[in-house]
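Written below as structure tokens is the structure these notes are about.
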Amino acid sequence: MIFLNVDNPSWMITPIIVPLTAGLLCFLFQRKTFAIALSAVLVNLLAACFLIGQLLTCGPMRYSMGGWQAPLGITLRTDGPAVLMLLMTGVTGFAITLYARGYFSFRIDDPGGTDRHQQQQRYFWPLWLLLLAGLNGLFLSNDIFNLYITLEIIGISAASLAALSGKPAARLASFRYLLSSLLGSLTFLLGIVFLYKSCGLLDLDLLRNLTENGPGVRAALALMSVGLLLKTALVPMHFWLPPAHANALAPVSAILSALVIKGSFYLLFRLWFEVFASSITTEALNVMGGLGAGAILWGAIQAMRQHRLKLMVAYSTVSQLGYLFVAFPLSRAADNAQVWSIVIFMAMAHACAKSAMFMSAGTIFLHFGHDRIQDLTGVRASLPITVLAYGIAGVTLMGLPPSGAFIAKWLLLSWALASCQWWWVLVIIAGSAMAMIYVFRVISRFIVIPEGFSSQKLEFHSRLLEWPALALALISLLLGLVAPWLLHILAKGSIDLTQILPGGLP
Amino acid sequence: MIYPILTLFDILLALTLLWLGWHLLSTEDIFKAVVLFISFGLLMALTWVRMRAPDVALAEAALGAGLTGPLFLSALRRMNRVLKGERRLDSDENRGEDHAKNPKPT
Amino acid sequence: MITTLLYSMTGLILFGMGLFTLIVHSHPLRKILAVNVMSTGVFLILIATAYTPLGQGEVDPVPHAMVLTGIVVSVSVTALALILACRVQETSNLDLLKKKTVPETAKESTT
Amino acid sequence: MPKTRNRHKRLDGFQRLFLLLVVCLITLLGCILSTIPNSAPGLADAVARLQERSGVKSPVTAVLLNFRAYDTMLEVVVLLLAVIGSWSLTKSPLPEQDTDISPVQMGVVRLLAPVMCLVAAYLVWQGSHLAGGAFQGGAILGAAGVLILVSDFPWIRTIPALPLRIGLVLGPLFFVGIALCCLFFTGKLLGYPEGTAGWLILLIEAACALSIGITLASLFAGGRPDNTMKKIQPPAKHPPGKSL
């Protein structure tokens, strides 16, 4: 059994093929879907851990689909950022799957509207598993047209998931989301066309080795960036995000906010700092940083003004995305692995914290039937664990130690000071302060127990509704403590240019 | 020499494509737009043949004209039915309970 | 060469027209039509890139495969978007209809 | 550009600004596009060199189902995703009593549908050496399905959901299955064993064409089939208790 060797690169298809097959089977059988989904996400998580181990022992790897080498065939590759994003998806996806189980069984047990909830659950699992396969494919793919297809898979399944709740508002938001996502992928595709016209290549490694740096490549990069920014919802293009994320079902909101956005961001970052690093100018980096700063401030201001919990969390996503972009202009003061480390930390911490927050918000919505922040007093008495999860996730959003976000922000601040760009410092501190305000504004409501308040709603209690959120929140909090280990993975898996084949055909 | 004739044909085809595209996007009547879109698809199939892409031409003729057009038409009919008030009643439609739970976002 | 340029420009203008319509017009069907026109424009540029005149070598088949893939993707997304648009239309009129046909909706809610 | 001709009167400030922006953008992109030298070699040579190892004669099919078969596999999944998404949204609104079919149309459909199926099969088969293949064949099949759906045969409403789902999933699942078998036998995902590529590609294409056809027809049907399977009556305006 030669392909069971640890150093066989074939292992890296597991996170793509397993959720894909499981999604197809879920759609086919429509029974025992949770068992299929759970085993798929479990295998996915194990595969992510295995790939990390493989990376640490064997270094970055390439895998050619069907044995056809790079210029024509499609390659997959693992490196530090890719496996860490896989790990992020695996952990978050596992918790979200458990939570979704609790969520749907709660809704189905609820008298009234049973059929509708069963339908929702029936279609949730295949959509979610295929989305997971698309995300993993995006993280691993090394071919620009293949990346476009994974983006389409993600976009379609995410939009369908967003419409799943059946509310008219959710459908409208999902329609906008689908159109924005389509516009984004079409712009991305136009970028691919420009790229193919000027280089005649699709493989990212070969594109990186290309010395040609003409206007065609720049235009391609600009188009692809705009498309991806639209999908990532950076501030001027964030209009679709809050309604889509706030009106979806709670597990779906968690998926969209924690994972889907990270996919397109990851791709954008890879394009900017790996593939086309030589074409990037300081002005472009500053523009991205400026947009990021705008996102931090605008998202935080909007989050403070919201009256509904889920909308607030959604706007906080807009705000937190900004930090990822502030890392762009500061990258000139650091080397490649450092930029990756900051972005990966931020993305992982945000994925765990934000999904924990949406799960908590969903649990609260389920138990109280609304999510008006004004009326959510005394939640602590009924749902102490959920409130705890919410609070811990809030700590991560604020960026307090020892969370992963703290490490990322600390690195950002130190680079900003080292390169004498103090204005970023102001933005980061202001964003964190505002995060503190919007998190505490809600927590203070939760904690206060008004007089005559009785918590009689505990009979609905389900462990799956509370513990995954708490676990994710704790992970996001403790991420800072394992920082050296993550940095080790990133350093180990950093891009080794000698590994790349010089465009050889078989 | 066949070249000038071919170029003339190209220019004509391109202009027709643009004209059709603009009209289908700007007519007031959506039905007319959909019909124009179907003819646009057929013309695109011709363009693919001209571009020596018979595979794409086949797919465009079958998908673009044969499927997308009917899709648009059926959607249009469905929407018009809604506007006329002959709405189909689903058993899985929203009962308004979520409305009661969430007030309008402010 | 001139053919490639001509068709590329056509594709680009189609893309621009679609983009303009997508943002400016509000009717959902019009938006979906606009997206279709945009995608056709992109495909046209790609195919024009691959074009070589008869007798000057083979046409690059990779863009053709890409466009085939893209056409199928765009058809499926169009179909999904159309159904979604219909649902939006149906449910956004729900409130209006409820006021008109109260007994019907009352019956309906017994399921 | 004919862009501004018709709508001068109704364009407000934002729209004018946006029009200007789009025109500038397109002009800029056009300039860049025209300055790109046509020197990029593309992948045509690579395809031509590897053509005989691909097992098929048509270069496009070779790219789609051998060199870049992984793309195609994911793309078949995209189609399926659209169906899952549409099924999650709504039930199919198709059955309608008030459409009465003229015998002429009936006859035309009875004649055309089998012919289209034959054409689809022929397209799939000739995909290995000429233009054609799974997508084109599937599209024709889908068109046949649309024709049948439009004619509103009564048996359409009684198609149970499970065979339909099997038909939908068949293509992608078969594709993934073949891919995994290849992994088992040759150690490469989608790396067809020597000499079997042609047959395997034809098999995959046939399965995918079937699935694509059903997929497109389901997309046209516009929603999930009613699981109750008793819906001979039109659903419009009848008490829903009967349909359950």
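If you're matching them up, the sequences are chains A, B, C and D in order.
Offset between the first sequence (1-based) and my numbering: plus 4.
Offset between the second sequence (1-based) and my numbering: plus 546.
Offset between the third sequence (1-based) and my numbering: plus 959.
Offset between the fourth sequence (1-based) and my numbering: plus 21.
Positions of the beta carbon are idealized from the N, C-alpha and C atoms, including for glycine.
Nothing here was measured: the structure is a model prediction, and the numbers come from that model.
Between A/PRO23 and the set A/TYR319, A/CYS30, A/ALA44, A/SER169, the nearest pair of CA atoms involves A/ALA44. Taking a Cβ-Cβ cut-off of 7 Å, the neighbours of A/ALA167 in chain C comprise LEU1043, given in sequence order.
As the crow flies, the alpha-carbon of A/LEU187 is around 12 Å from that of C/VAL996. No Cβ of chain B is located within less than 8 Å of the beta carbon of D/VAL44.
Per the DSSP secondary-structure output, A/ARG222 pairs with nothing in a beta bridge. For the stretch 213-241 of chain D, the beta-carbon criterion of a distance under 8 Å to any beta-carbon of chain B is satisfied by LEU237, LEU240, PHE241.
With the criterion set as a beta carbon lying under 7 Å from some beta carbon of chain C, the members of the stretch 576-589 of chain B are ILE576, ALA579, PHE583, in sequence order. Cβ-Cβ distances below 8 Å link C/THR963 to ALA1007, THR1008, TYR1010 in the same chain, with the five nearest sequence neighbours on each side left out; the list follows chain order. When the beta-carbon positions are compared, A/ALA360 and A/SER257 stay at least 8 Å from each other.
At least 8 Å separates the beta-carbon of D/LEU95 from that of D/GLY163.
A/TRP426 is classed as exposed because its beta carbon has fewer than 16 other beta carbons within 10 Å across all chains shown.
The beta carbon of A/GLU287 does not come within 8 Å of any beta carbon belonging to chain D, so the residue lies off that interface. DSSP places A/THR82 inside the beta strand (DSSP E), whose first and last residues are 79-82. For D/ILE47, not one C-beta of chain B is nearer than 8 Å to its own C-beta. Residue pairing by DSSP places D/LYS112 opposite D/ARG245 in a beta bridge. With the criterion set as a beta carbon lying under 9 Å from some beta carbon of chain A, the members of the stretch 170-188 of chain D are ALA182, LEU183, ARG186, ILE187, in sequence order.
For A/ARG66, same chain residues with a beta-carbon under 6 Å away, outside a window of 5 residues either side, are THR79, ARG81 in chain order. When the Cα atoms are used, A/ALA297 and A/LEU404 turn out to be separated by approximately 19 Å. DSSP places A/TYR327 in the uninterrupted alpha helix (DSSP H) bounded by 313-334. Residues of chain C with a Cβ closer than 7 Å to the Cβ of B/GLY567 are, in chain order, LEU973, MET976, VAL996. Taking the C-beta atoms as reference points, A/VAL347 is found no nearer than 8 Å to A/LEU295.
Taking 8 Å as the CB threshold, A/SER407 stays off the interface with chain D. For D/PHE174, same chain residues with a beta-carbon under 6 Å away, outside a window of 5 residues either side, do not exist. Here B/THR553 is exposed. Its C-beta has fewer than 16 other C-beta atoms within 10 Å. Of the candidates A/ALA162, A/ALA393, A/LEU206, A/LEU206 places its Cα closest to the Cα of A/LEU151. Judged by DSSP secondary structure, A/SER68 falls within the beta strand (DSSP E) whose first and last residues are 65-68. Per DSSP, reduced to three states, the secondary structure at A/ASP339 is coil, with no helix or strand assignment. Rounded to whole angstroms, the separation of the alpha carbons of A/TRP414 and A/LEU32 is 48 Å. DSSP places D/ASP92 in the helix class (H, G or I) of the three-state scheme. The C-beta of D/LYS209 comes closer than 8 Å to at least one C-beta of chain A.
In this structure, DSSP gives A/ASP147 an extended state, which the three-state scheme calls strand. Judged by beta-carbon spacing, A/ALA250 lies within the 8 Å limit of A/ALA318, meaning their Cβ atoms are closer than that value. A distance of 8 Å or more separates the beta carbons of C/VAL1047 and A/ARG120.
Apart from the 5 residues on each side of it in sequence, A/LEU325 sits with its Cβ closer than 6 Å to the Cβ of ALA299 in its chain, given in chain order. Here C/THR999 has LEU973 as same chain residues with Cβ atoms under 7 Å from its own Cβ, once five neighbours each way along the sequence are excluded. Excluding its 5 nearest sequence neighbours in each direction, A/LYS314 has C-beta neighbours in its own chain below 6 Å: ALA250, ALA365, ASP375, listed in chain order.
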